[in-house]
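Here is the structure we will look at.
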Amino acid sequence: MAALLIERAIDSMDPGDVQSLEIKVAPGGSDAILRYLGPAAMTSGDDVYVFLDGDQRKVDNFTDPNTIAPAAHAQLGALLKGETGVDPMFHIPGGQGVAAHEAAKVQAHLNYLMWLRARVAYLPGVVPEETFLTALNPAGAYDNLTAAEAKVALKEMLAKDVEVTSSELVTLAKVAAASIPQGHQNLAAIRQRISLWLHGAPA
């Protein structure tokens with residue numbers, strides 16, 4: 365659903381910007397992204413940006429590494445765990461002595477915080493399904509739904525009383541996404557974030 369929502373949001377963006385984007389769904393969910401794919405992309409320098417579901421947010425903003433005093437470097441692992449929910453896997457070269465290894469580990473943690481601040485954002489709402497629900501049925505009461513409840517509610521809205529497979533539900537959602545108004549505040553928030561990533565300024 366996240367990819368469908370993002371694809372709908374960028375429909376009204378500059379065609380040149382849209383052409384520069386490639387939307388992919390990473391396997392394994394947010395834990396795998398933050399634990400493995402993020403550190404790998406940081407190391408390789410891949411030009412990737414990440415949207416995660418809103419219910420995965422642990423903090424309003426990732427900590428600015430420039431504000432962390434050297435005396436607090438020993439707690440960087442715990443800090444990252446608290447802000448991401450995972451222990452990121454960094455490839456730290458060995459064979460340079462304990463002190464050098466620890467220094468490299470600290471730098472990897474600091475670099476990853478900077479990477480997270482620059483390249484990771486959270487979609488509006490608890491899960492993408494919430495945006496579908498509020499956009500397609502503005503009169504509905506969806507404010508306090510859990511992630512699981514939002515998923516069930518959207519399935520019921522789209523499939524009515526018909527039993528559908530996961531792939532059929534995605535097809536129904538793809539059709540429904542075209543009906544989400546471009547002026548919806550959540551689509552606007554997604555476009556603003558993408559524009560910041562691309563240009564450093566909102567669209």
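Heads up, the sequence shown is in the numbering used here, so the first residue is 365 and it goes up one at a time.
Every residue, glycine too, gets a C-beta built ideally from N, C-alpha and C.
Helix, strand or coil at Tyr570 [DSSP, three-state]:
Lying outside 365 to 567, the shown extent of the chain, residue 570 is not represented and no answer is given.
Give me the Cα-Cα distance between Val414 and Gln556, rounded to the nearest whole angstrom.
Approximately 14 Å between the Cα atoms of the pair.
Bridge partners - Gln506, DSSP secondary structure assignment
One detail in the question is off: residue 506 reads as Tyr in this sequence, not Gln. Looking at the DSSP assignment, Tyr506 forms no beta bridge with any residue, so it has no partner.
Quick check on Asn425: buried or exposed, where buried means 16 or more other Cβ atoms within 10 Å of its Cβ?
exposed
What runs of the beta strand (DSSP E), each 3 residues or longer, lie entirely inside the segment 442 to 518?
484 to 486
Look at Trp479 and Gly402 and say whether their C-beta atoms are less than 8 Å apart.
yes
Cut-off 6 Å between Cβ atoms - residues of its own chain near Ser376, not counting five sequence neighbours on either side
Gln546
Under 8 Å between C-beta atoms of Ala541 and Leu368:
Against a cut-off of 8 Å, the Cβ pair of Leu368 and Ala541 comes out as a contact.
How should Asp417 be labelled, buried or exposed, when 16 other C-beta atoms within 10 angstroms of its C-beta is the threshold for buried?
buried
What first and last residue would you give for the alpha helix (DSSP H) that runs through Val414?
No alpha helix (DSSP H) holds Val414; the beta strand (DSSP E) holding it covers Val414 to Leu416.
Along the alpha helix (DSSP H) that carries Ser530, what are the first and last residues, could you check?
In the DSSP annotation of this structure, the continuous segment of the alpha helix (DSSP H) that includes Ser530 starts and ends at Ser530 to Ala541.
For Leu474, which residues from the same chain have a beta carbon less than 6 Å from its beta carbon, with the 5 sequence-adjacent residues on both sides left out?
Only Pro429 meet the Cβ criterion.
I need the DSSP call for Asn425, collapsed to helix, strand or coil.
coil
Return the first residue and the last residue of the alpha helix (DSSP H) that Ser559 is part of.
Gln549 to His563
Taking buried to mean at least 16 other C-beta atoms within 10 Å of its own C-beta, is Gln439 buried or exposed?
The residue in question, Gln439, is exposed, as its Cβ has fewer than 16 Cβ neighbours within 10 Å.
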